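My numbering puts the first residue of the sequence shown at 6, with every later residue one more than the last. In what follows, a single structure is set out as structure tokens and then discussed.
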Amino acid sequence: MFTWYNTPFFFLIILAFVFLALQFVGGDHDMDVDADLDFDLDGDLDFDGAGSFADVLGFVNVGKVPLSLLFMVLSFCWGALGLLYNQFFKMAWSAYPTWAFALCFLASALSALLCTRIGSHLLSGVFRDTSAASQPEDLVGCVGTVISGKVPTFTENGFGRARVYNEHGVLLQVACVAHEGALPPTKHSRIFVTQY
């Protein structure tokens with residue numbers, strides 16, 4: 006079972022569970038990654054050679070379901086299907102042919118994309134029904150937790166980061182500063198949003 010051709014697929018399954026565990030732990034990170042790609046999921050990108058990437062994102066419903074959930078589903082399906090395809094080839098031939106790995110890797114990737122699309126369609130209804138749009142002013146009076154190393158005061162430059170639950174229970178990440186005259190909160194401190 007633990008052979009060279011199964012190793013990448015076991016890694017993908019482990020990666021899915023590690024990412025899931027990080028989501029349960031809370032995944033407090035000081036690093037924020039912001040990426041601006043100039044494309045819509047139904048159209049073409051503004052630069053050459055990346056149209057297929059936009060098509061893949063649209064195919065798995067990025068934007069309708071959280072990307073972290075899609076990543077976990079894709080990783081798990083890719084790993085599990087790869088193991089199944091490897092087992093099929095091993096049973097069909099007395100020995101596992103080396104060329105079968107490339108075929109299994111590609112077939113399991115395409116199958117995992119299809120499974121992720123089906124799963125995301127099912128989940129998009131759940132997220133559509135339970136999501137609640139929020140205006141920035143609606144956060145006043147909500148409670149959250151600081152996730153950045155430092156929250157500057159009102160008179161300093163820059164912003165800190167905090168996770169805040171809105172009135173509908175949706176977790177949001179917001180930029181914040183300490184209120185004038187208040188002690189700047191530290192990482193993991195509970196905060197109360199007083200104004201926007």
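For glycine and all other residues, C-beta sits at the position ideal for the given N, C-alpha and C. None of these values were measured; they are calculated from a predicted model.
**Prompt:** In terms of residues, what are the limits of the beta strand (DSSP E) holding L176?
**Reply:** The residue labelled residue 176 in the question sits at position 171 within the sequence shown. Looking at the DSSP string, the run of the beta strand (DSSP E) that includes L176 is 176 to 181.
**Request:** Report the partner residues of V151 according to the DSSP bridge assignment.
**Result:** What you label residue 151 is simply residue 146 of the sequence shown in a count that begins at 1. Looking at the DSSP assignment, V151 forms a beta bridge with A167.
**Request:** Using three-state DSSP, classify T12 as helix, strand or coil.
**Result:** Indexing the sequence shown from 1 puts residue 12 at position 7. T12: helix per DSSP, three-state reduction.
**Message:** Quick check on the burial criterion: 16 or more other C-beta atoms within 10 angstroms. Buried or exposed for S73?
**Reply:** To locate residue 73, count along the sequence shown from 1; it is residue 68. It is exposed - the Cβ of S73 has fewer than 16 other Cβ atoms within 10 Å.
**Message:** Let's see if you can read the secondary structure: which residues bound the alpha helix (DSSP H) around F81?
**Reply:** The count along the sequence shown starts at 1 and reaches residue 81 at position 76. First-last of the alpha helix (DSSP H) with F81: 72 to 97.
**Message:** Count Cβ pairs between the region 84 to 100 and the region 8 to 24 that sit closer than 8 angstroms; are there 3 or more?
**Reply:** yes
**Message:** Quick check: the Cα distance between T103 and I123, rounded to an integer number of angstroms?
**Reply:** Position 98 of the sequence shown, counting from 1, holds the residue named residue 103. Position 118 of the sequence shown, counting from 1, holds the residue named residue 123. Roughly 31 angstroms separates the two Cα atoms.
**Prompt:** Going by the beta-carbon positions, is the gap between V182 and V145 smaller than 7 angstroms?
**Reply:** Taking the first residue of the sequence shown as position 1, residue 182 is located at position 177. Taking the first residue of the sequence shown as position 1, residue 145 is located at position 140. No.
**Message:** Using the three-state DSSP reduction, which class does D37 fall into: helix, strand or coil?
**Reply:** Here residue 37 is taken as the residue at index 32 of the sequence shown, counted from 1. Residue placement at D37 is poorly supported in this model, since its pLDDT is 37, which falls under 50; the coordinates are not used for a value here.
**Request:** Compute the Euclidean distance between the alpha carbons of L108 and A100, then round it to the nearest angstrom.
**Result:** Start at 1 with the first residue of the sequence shown, and residue 108 comes out as number 103. Start at 1 with the first residue of the sequence shown, and residue 100 comes out as number 95. Taking the straight line from one Cα to the other gives about 16 angstroms.
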